[in-house]
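Novice: Attaching a single structure in structure tokens format; questions to follow.
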Amino acid sequence: MPIPDEAAASAAHSVRHLFSRRSLHVPGTRLGAIALPAPIGRRHHWHYWWQAHFLDCLLDEHLRDPAGNALSEARKLARGIWLRNGGRWLNSYYDDMAWLALTLQRLDAMEGRRRPRRRVRVLGDALRSAHTDELGGGIFWNTTRDYKNTATTAPAALFFARAGDFGRAQELLDWLRTRVHDPATGLYLDGVKADGSAGGVVDRRVYTYNQGTVLGALVAVGGRENLEHAADLVDAVSRSTADDDGALPLGSSGDGGLFAGILGRYLALAVSTPGIGARAAATGRSLLATTAERLWTGRMQAGPGVFLFPPRQEGPVSLSSQLQAWTMLEAEQACR
Numbered sequence: 009m010p011i012p013d014e015a016a017a018s019a020a021h022s023v024r025h026l027f028s029r030r031s032l033h034v035p036g037t038r039l040g041a042i043a044l045p046a047p048i049g050r051r052h053h054w055h056y057w058w059q060a061h062f063l064d065c066l067l068d069e070h071l072r073d074p075a076g077n078a079l080s081e082a083r084k085l086a087r088g089i090w091l092r093n094g095g096r097w098l099n100s101y102y103d104d105m106a107w108l109a110l111t112l113q114r115l116d117a118m119e120g121r122r123r124p125r126r127r128v129r130v131l132g133d134a135l136r137s138a139h140t141d142e143l144g145g146g147i148f149w150n151t152t153r154d155y156k157n158t159a160t161t162a163p164a165a166l167f168f169a170r171a172g173d174f175g176r177a178q179e180l181l182d183w184l185r186t187r188v189h190d191p192a193t194g195l196y197l198d199g200v201k202a203d204g205s206a207g208g209v210v211d212r213r214v215y216t217y218n219q220g221t222v223l224g225a226l227v228a229v230g231g232r233e234n235l236e237h238a239a240d241l242v243d244a245v246s247r248s249t250a251d252d253d254g255a256l257p258l259g260s261s262g263d264g265g266l267f268a269g270i271l272g273r274y275l276a277l278a279v280s281t282p283g284i285g286a287r288a289a290a291t292g293r294s295l296l297a298t299t300a301e302r303l304w305t306g307r308m309q310a311g312p313g314v315f316l317f318p319p320r321q322e323g324p325v326s327l328s329s330q331l332q333a334w335t336m337l338e339a340e341q342a343c344r
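See below:
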């Protein structure tokens, strides 16, 4: 079944209507409730990095519909994140900060700013501080500084590439390729854990979203070798992660609810990049279309004109899963 042109707009309206709230009840702010029904009270974890992806979705919406109010809502969400985080931008996890740095960097660009706002510079400095020679390079996962992983290093590489620091971005990509790329599958593993040795030990877990951020960094830095590797990575994703129908696996809750959407965003970026190659572009578009169709055909009415998207969940519906659907539907439409 063809996905209608209004699918992304419907997902945007649904998530905003069902999940968007004032941050701590303060006017002029927004924050995404982490579940529907929303938990009561502040004792519940608020998921800093989910909010960064909510902000990214609003920016995707603005690109699709510049006449709407998504950019205004994005500004309110940025204020809400800052307020809920105690009036600061930093936290203890460099991957969280990389996600927020990326989307605030996008917001600056959409506002036409010639230099980054202080919040982007603060987050960028934090990422630079975590890029050390220990374990051969890469960026630490958190302030404990005993693990360097793809989940932090790849989005940071993309951030630095977009900031014009292509040397640092390439250095991070080289570390990823040397330390956590699995030639047998073509995919990227999770990271390297300090164990007292100079090289550490590789954590061989594989997550879909890590493939997406590596793709994003590869095409942002560019060059023949990076683009060829990006094309190979698209093929590896299709071969090793898609199901028999050619759809990406969808997470239902928790952090994993975001993973397929993140991969979808950067697949769309990759297949729209000149030089990626016709085969990889066709493969990526097929993955996006098949996954988006599954989300759209499986939607459930949650009220007049609003929907919840699969996978079906018992109990409260996670914000992460609905951002996943919104991101994927925006990505599919963007690269048609």
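Under the numbering used here, the first residue of the sequence shown is numbered 9, with each subsequent residue one higher.
Heads up, the beta-carbon is just placed ideally off N, CA and C, and yes, glycines get one too.
1) Ordered along the chain, which non-local residues of its own chain (more than five positions away) have a Cβ less than 7 Å from that of THR37?
2) Assess, as a yes-or-no matter, whether the stretch 133 to 140 is touched by the stretch 192 to 207 under the definition of 3 or more beta carbon pairs within less than 8 Å.
3) From ILE42, VAL34, HIS237, pick the residue whose C-alpha is nearest to that of SER261; which is it?
4) For LEU39 and GLY306, I'd like the C-alpha separation in whole angstroms.
5) For the structure I just gave you, are there three or more beta carbon pairs, one from the stretch 196 to 207 and one from the stretch 258 to 275, closer than 8 Å?
6) According to DSSP, what are the bridge partners of LEU197?
7) Compare the C-alpha of LEU296 against each of GLY265, ARG213, LEU258 and name the closest.
8) Quick one: what's got a C-beta closer than 7 Å to ASP240's C-beta in the same chain, skipping five residues either side?
9) Using DSSP's beta-bridge definition, name the partner residues of GLY40.
10) Just to confirm, is the Cβ distance from VAL229 to PHE174 under 7 Å?
11) Report the three-state DSSP secondary structure of GLN330 (helix, strand or coil).
12) Specify, as a first and last residue, the run of the alpha helix (DSSP H) that ALA309 falls within.
13) For ASP103, which of helix, strand or coil comes out of DSSP?
14) Does the stretch 150 to 162 come within contact of the stretch 94 to 103, defined as at least 3 CB pairs closer than 8 Å?
15) Is MET118 a contact residue of the ligand SAH, with contact defined as CB to any heavy atom under 6 Å?
16) I'd like the ranges of any beta strand (DSSP E) spanning at least 3 consecutive residues and lying wholly in the stretch 256 to 322.
Specialist: This is what the structure gives:
1) Hits under 7 Å: ARG30, SER31, LYS84, ARG87, GLY88, LEU91.
2) At 8 Å Cβ cutoff, the stretches do not touch.
3) Per the Cα distances, ILE42.
4) Spanning the two alpha carbons is a distance of roughly 26 Å.
5) These segments do not touch.
6) Beta-bridge partners of LEU197 (DSSP): VAL214.
7) Residue LEU258 is the option with its Cα nearest to LEU296.
8) Residues GLY194 of the same chain have their beta carbon placed closer than 7 Å to that of ASP240, with the five preceding and five following residues left out of the count.
9) SER28, per the DSSP bridge assignment.
10) Cβ distance < 7 Å, so VAL229 and PHE174 count as in contact.
11) Reduced to three states, the DSSP call for GLN330 is helix.
12) Per the sequence presented here, residue 309 reads as Gln, with Ala not at that position. No alpha helix (DSSP H) contains GLN309, which is instead part of the beta strand (DSSP E) from 308 to 311.
13) If DSSP states are grouped into helix, strand and coil, ASP103 belongs with the helices.
14) With the cut-off at 8 Å, the stretch 150 to 162 and the stretch 94 to 103 touch.
15) This structure lacks the ligand SAH; in fact it carries no ligand of any kind.
16) List check, beta strand (DSSP E) in window: 308 to 311, 314 to 316.
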